[in-house]
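Numbering (our numbering), first residue to last: 1 to 452. The beta-carbon is built from N, C-alpha and C at its ideal position, and this holds for glycine as well. Remember, predicted model here, so these are calculated numbers, not experimental data. What follows is a single structure, written as structure tokens, with notes after it.
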């Protein structure tokens, strides 16, 4: 029994140390591979794309597709060798970003093959650069996270090494000197702190990370108690950081979503300008060009996310002007704004998806002349924004389905509603989001209220 008691801590320590050394080596390899991969993406892909746009080489001769396949395989290898859920999540996002980069490259390949204007190729080049910069940030974040994990693991190894040494000395002295006669004393001295640690461990497992172990300064389990307290503090801090990082990632994804303007709207508007010009309708040409210019100026807003309420209304007014010229036989509109609207700022591009949804899924489906009404009303401390149409409307079942997908996911029909609803909840913390009412063959109303 003495031999087993003396040998057991040594075996456990060796097994634990061996496993920790393996984990440490894996983390270091991941950091090295991630840094090498990041260098390949930033220093090789971007210059190749630039040479392709500049006409110095082609997609086929540059070997860029082979590089993309190699980079993807290496990303997947790093992801598969990562034990941390957070680090694995970063690599999953990096792989998705690489897929977006691959899509951009294929679009650029198609544009070059179809001899698109140089300006459009340069726009796509800038999108590719932004995507590469995003991958660079993600890989740096992954490396930083791995470094932190290595630091935590190193501290854990040092702590366990010290603890094992103390425990080995304790076991040796107790077994050799006290032996059997100290059995009851040892039992009491071991069980009391273990019960405290167990109680705290159960609380931590239930999500109470504020619990701490309190032992006397002379207790043999102080090292373990201090380690558990440290672990609880770090878990609490990491949980807060994880929530904040997830929120930031969602904000980044939504910022990318809100900056994307559907290409077919621009193409159709340019076609309308061409038709008006060919018909010598200078009035419509001037109106369309001015409205389109104002529409995109407000959409971009120098990268600012929040704009004045009046700018948001002006943005939707220009959108409706363009659409009314295109659909003059089926579309009328009205914009009603209270006179005492405060000079506040709101998240941009909230109304345009709702109006677009009303036009394409409401008015156009009736094949008759319809009307879209946009209103901004004061409701005490809140402003209510409403988009109503006299379109086809929805049955109760269809409306319930649309409300469900607006809150939990999206369909092709409800994508604009889902996007607006998600952004309202994220940026304003709204629990209810947007409100939808509809009556079949009478129309649909979508509204939301903001406290500014």
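For residue i, would you say it is in contact with chain E, using Cβ-to-Cβ distances shorter than 7 Å as the test?
{"i": "residue 70", "result": "Looking at the structure shown, chain E is missing, and only one protein chain is on hand."}
Which residue wins for smallest C-alpha separation from residue i, given the options the options?
{"i": "residue 427", "options": "349, 392 and 110", "result": "349"}
{"i": "residue 64", "options": "77, 40 and 82", "result": "40"}
{"i": "residue 374", "options": "168, 448, 430 and 307", "result": "448"}
{"i": "residue 151", "options": "21, 277, 79 and 200", "result": "21"}
{"i": "residue 392", "options": "357, 111 and 266", "result": "357"}
{"i": "residue 128", "options": "154, 156 and 99", "result": "99"}
{"i": "residue 23", "options": "149, 204 and 161", "result": "149"}
{"i": "residue 355", "options": "237, 322 and 185", "result": "322"}
{"i": "residue 383", "options": "353, 422 and 340", "result": "340"}
{"i": "residue 130", "options": "111, 4, 101 and 142", "result": "101"}
{"i": "residue 324", "options": "302, 287, 337 and 342", "result": "287"}
{"i": "residue 96", "options": "71, 116 and 417", "result": "71"}
{"i": "residue 326", "options": "303, 302, 360 and 407", "result": "360"}
{"i": "residue 168", "options": "420, 329 and 12", "result": "12"}
{"i": "residue 333", "options": "379, 300, 389 and 292", "result": "389"}
{"i": "residue 19", "options": "404, 237 and 153", "result": "153"}
{"i": "residue 429", "options": "443, 199 and 347", "result": "347"}
{"i": "residue 200", "options": "180, 114, 4 and 230", "result": "230"}
In whole angstroms, what is the alpha-carbon distance linking residue i and residue j?
{"i": "residue 75", "j": "residue 136", "result": "13 Å"}
{"i": "residue 432", "j": "residue 280", "result": "49 Å"}
{"i": "residue 210", "j": "residue 450", "result": "35 Å"}
{"i": "residue 295", "j": "residue 50", "result": "31 Å"}
{"i": "residue 235", "j": "residue 147", "result": "17 Å"}
{"i": "residue 305", "j": "residue 107", "result": "28 Å"}
{"i": "residue 365", "j": "residue 28", "result": "59 Å"}
{"i": "residue 7", "j": "residue 176", "result": "14 Å"}
{"i": "residue 160", "j": "residue 240", "result": "26 Å"}
{"i": "residue 232", "j": "residue 225", "result": "10 Å"}
{"i": "residue 25", "j": "residue 157", "result": "13 Å"}
{"i": "residue 283", "j": "residue 289", "result": "10 Å"}
{"i": "residue 335", "j": "residue 399", "result": "25 Å"}
{"i": "residue 17", "j": "residue 69", "result": "37 Å"}
Within a Cβ cutoff of 8 Å, which residues of the same chain sit near residue i, ignoring the five residues on either side of it in sequence?
{"i": "residue 122", "result": "53"}
{"i": "residue 145", "result": "84, 86, 87 and 90"}
{"i": "residue 67", "result": "40, 44, 45 and 48"}
{"i": "residue 285", "result": "273, 276 and 277"}
{"i": "residue 314", "result": "294 and 298"}
{"i": "residue 337", "result": "313, 375 and 376"}
Just to confirm my understanding: we take residue i, look at its own chain, exclude 5 residues before and 5 after, and list those with CB closer than 6 Å. What are they?
{"i": "residue 46", "result": "132"}
{"i": "residue 395", "result": "440"}
{"i": "residue 386", "result": "375 and 447"}
{"i": "residue 37", "result": "74"}
{"i": "residue 308", "result": "345"}
{"i": "residue 445", "result": "388 and 437"}
Does DSSP put residue i in a helix, a strand or coil?
{"i": "residue 333", "result": "strand"}
{"i": "residue 436", "result": "strand"}
{"i": "residue 258", "result": "Confidence is the limiting factor: at residue 258 the pLDDT is only 49, short of 50, which leaves the residue's position unreliable and the question unanswerable from this model."}
{"i": "residue 395", "result": "coil"}
{"i": "residue 384", "result": "strand"}
{"i": "residue 81", "result": "coil"}
{"i": "residue 341", "result": "coil"}
{"i": "residue 377", "result": "strand"}
{"i": "residue 372", "result": "strand"}
{"i": "residue 134", "result": "helix"}
{"i": "residue 442", "result": "coil"}
{"i": "residue 364", "result": "helix"}
{"i": "residue 350", "result": "coil"}
{"i": "residue 47", "result": "helix"}
{"i": "residue 451", "result": "strand"}
{"i": "residue 193", "result": "helix"}
{"i": "residue 86", "result": "helix"}
{"i": "residue 389", "result": "strand"}
Please list, in chain order, all residues of the same chain as residue i whose beta carbon is under 7 Å from its beta carbon, the five residues on each side excluded.
{"i": "residue 381", "result": "451"}
{"i": "residue 109", "result": "59"}
{"i": "residue 163", "result": "223 and 224"}
{"i": "residue 319", "result": "295, 352 and 355"}
{"i": "residue 343", "result": "308"}
{"i": "residue 120", "result": "111"}
{"i": "residue 292", "result": "269 and 322"}
{"i": "residue 14", "result": "none"}
Shorter than 6 Å, the distance from the beta carbon of residue i to the closest heavy atom of the ligand SAM, or not?
{"i": "residue 195", "result": "Of the ligands one can find in the structure shown there are none, so the ligand SAM has no counterpart to examine."}
**Request:** Please go through the stretch 133-190 and give each complete beta strand (DSSP E) segment of 3 or more residues, from N-terminal end onward.
**Result:** Counting whole runs of 3 or more residues, the stretch 133-190 contains no beta strand (DSSP E) stretch at all.
**Message:** What ranges does the alpha helix (DSSP H) occupy inside the stretch 276-301, keeping only unbroken runs of at least 4 residues that lie completely in it?
**Reply:** Correct list: 282-300.
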